[in-house]
Amino acid sequence: MIHDAPSASYFSQPALPKADAADLSRAVQVLHRRAGIILGDHKKDMAARTLGLRAHHAGSATVRAYLDYLEQNPQADEWDRFVSAFTINHTAFFREQHHFRILADFVRTRRKPISVWCCASSTGEEPYTLAMTLHDACGQSEAGISVLATDIDTQALAQARKGVYTLDRVKPVPPEFLRRYFLRGAGRQAGMAMVKPAIRNLVTFEELNLVAPSWPMTQKFDAIFCRNTMIYFDKPTQTRILERFVPLLKPGGLMFAGHSENFTYLTKSLRLQGQTVYSVA
Numbered sequence: 001m002i003h004d005a006p007s008a009s010y011f012s013q014p015a016l017p018k019a020d021a022a023d024l025s026r027a028v029q030v031l032h033r034r035a036g037i038i039l040g041d042h043k044k045d046m047a048a049r050t051l052g053l054r055a056h057h058a059g060s061a062t063v064r065a066y067l068d069y070l071e072q073n074p075q076a077d078e079w080d081r082f083v084s085a086f087t088i089n090h091t092a093f094f095r096e097q098h099h100f101r102i103l104a105d106f107v108r109t110r111r112k113p114i115s116v117w118c119c120a121s122s123t124g125e126e127p128y129t130l131a132m133t134l135h136d137a138c139g140q141s142e143a144g145i146s147v148l149a150t151d152i153d154t155q156a157l158a159q160a161r162k163g164v165y166t167l168d169r170v171k172p173v174p175p176e177f178l179r180r181y182f183l184r185g186a187g188r189q190a191g192m193a194m195v196k197p198a199i200r201n202l203v204t205f206e207e208l209n210l211v212a213p214s215w216p217m218t219q220k221f222d223a224i225f226c227r228n229t230m231i232y233f234d235k236p237t238q239t240r241i242l243e244r245f246v247p248l249l250k251p252g253g254l255m256f257a258g259h260s261e262n263f264t265y266l267t268k269s270l271r272l273q274g275q276t277v278y279s280v281a
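FYI, UniProt numbering numbers position 178 of the sequence shown as 178, with every residue one higher than the one before it.
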């Protein structure tokens, strides 16, 4: 039997709401107020598509109605999805590996308890790398070491808490660390690797907006990792965040920046020690 060819509408996707110039301008302001994130003009096409998708998924007929909803409902869950749509969770285990060698040497000179804050944890690769580095440097003991991992993206945090990654994602992990700190999946979990509970338990994941008026933590840290995060913010916001890091560092503590970031001209409270590592001036 020959079936009639399906009509074009059978495969068609629903038309997404369109974002005009006014919508884009408003969205840029809303995103900046909420998360401090700056959207450059070169990202307008991406932003327009993203707004249309979010408006569609949220059930709004127009992008304007979608933005109205966000501004009228500051506690809505949709805010998490809105902000997540404009952040890039590009991360990897042992990214910029020299930082972890520096950290290992540094913590061997420190007294316990030792705590490190990863302020843009994304899907967990960086904070778990920090936990493995601390554990190895401190005599393979879990006592007196901890990592606070924060991010504004709640979806990324939910994935990070699981500690489960494809074998491809864990390729940068040194073989010895892979054997010591991961479990290899079998059966339905074949092709996956899970961070062992001893390392997962060293990391606490919490939602945090770096431009929020206040931060909940009262503890101080031996090191703060804020790598490849400031690119989302304008210079005044970068300066404010850096100044807020300073009182959270223990005496002699270190702050780690991304390979392309230079904070020397943003604040006099931190001095460059080399290889994008800073200490309190």
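Just so you know, even glycine gets a beta-carbon here, dropped at the ideal spot from N, CA and C. Since the structure is predicted, the reported quantities are computational estimates derived from the model, not experimental observations.
Length of the line joining the Cα atoms of residue i and residue j
i, j, result
"P172", "A65", "45 Å"
"P17", "D77", "20 Å"
"D168", "G191", "8 Å"
"S141", "G52", "50 Å"
"P236", "Q97", "29 Å"
"R34", "D80", "10 Å"
"D136", "S115", "14 Å"
"K196", "M46", "38 Å"
"A223", "G252", "9 Å"
"T239", "S25", "25 Å"
"F221", "G59", "43 Å"
"R49", "L70", "17 Å"
"R111", "P175", "29 Å"
"L266", "L67", "33 Å"
"F205", "T150", "6 Å"
"T133", "T91", "17 Å"
"G40", "D23", "15 Å"
"G185", "Q75", "38 Å"
"R161", "L208", "15 Å"
"R271", "S214", "24 Å"
When the options are compared against residue i, the one with the closest alpha-carbon
i, options, result
"residue 303", "H99, V147, F221 and L202", "Only positions 1 to 281 of the chain appear in the structure, and residue 303 is not among them; the question remains open."
"Q72", "A85, N209, V30 and D20", "V30"
"S146", "T91, G139 and V203", "V203"
"P127", "R108, L157 and V107", "L157"
"E125", "A223, R95, D80 and V116", "R95"
"K43", "A223, G185 and F86", "F86"
"Q219", "E176, L148 and L242", "L148"
"I37", "E243, S269 and D234", "D234"
"V211", "I152, L130 and Q75", "I152"
"G144", "Q189, W215, N201 and N209", "N201"
"F93", "R188, Y181, W215 and E207", "Y181"
"A104", "R161, C138 and C118", "C138"
"Q159", "L254, A15, P113 and S121", "S121"
Residue i - partner residues in DSSP beta bridges
i, result
"F256", "F225 and V277"
"E126", "DSSP lists no partner for E126."
"C118", "A149 and F225"
"L183", "M194"
"S203", "As written in the sequence, residue 203 is Val, which differs from the Ser given in the question. In the DSSP output, where bridge partners are listed per residue, V203 has V147."
"Y165", "A193"
"L270", "V280"
"L249", "F221"
Presumed contact (8 Å Cβ cut-off) between residue i and residue j, rounded CB distance
i, j, result
"V246", "V280", "6 Å"
"V170", "L178", "6 Å"
"R108", "F82", "Between F82 and R108 the Cβ distance is about 43 Å, and since that is not below 8 Å, they are no contact."
"Y165", "A193", "6 Å"
Chain D contact for residue i (CB, 7 Å cutoff)
i, result
"D151", "Protein chains in the displayed structure number just one, and chain D is not present."
Cβ contact (3+ pairs, closer than 8 Å) linking the segment 217-236 and the segment 255-264: Touching, per the Cβ criterion.
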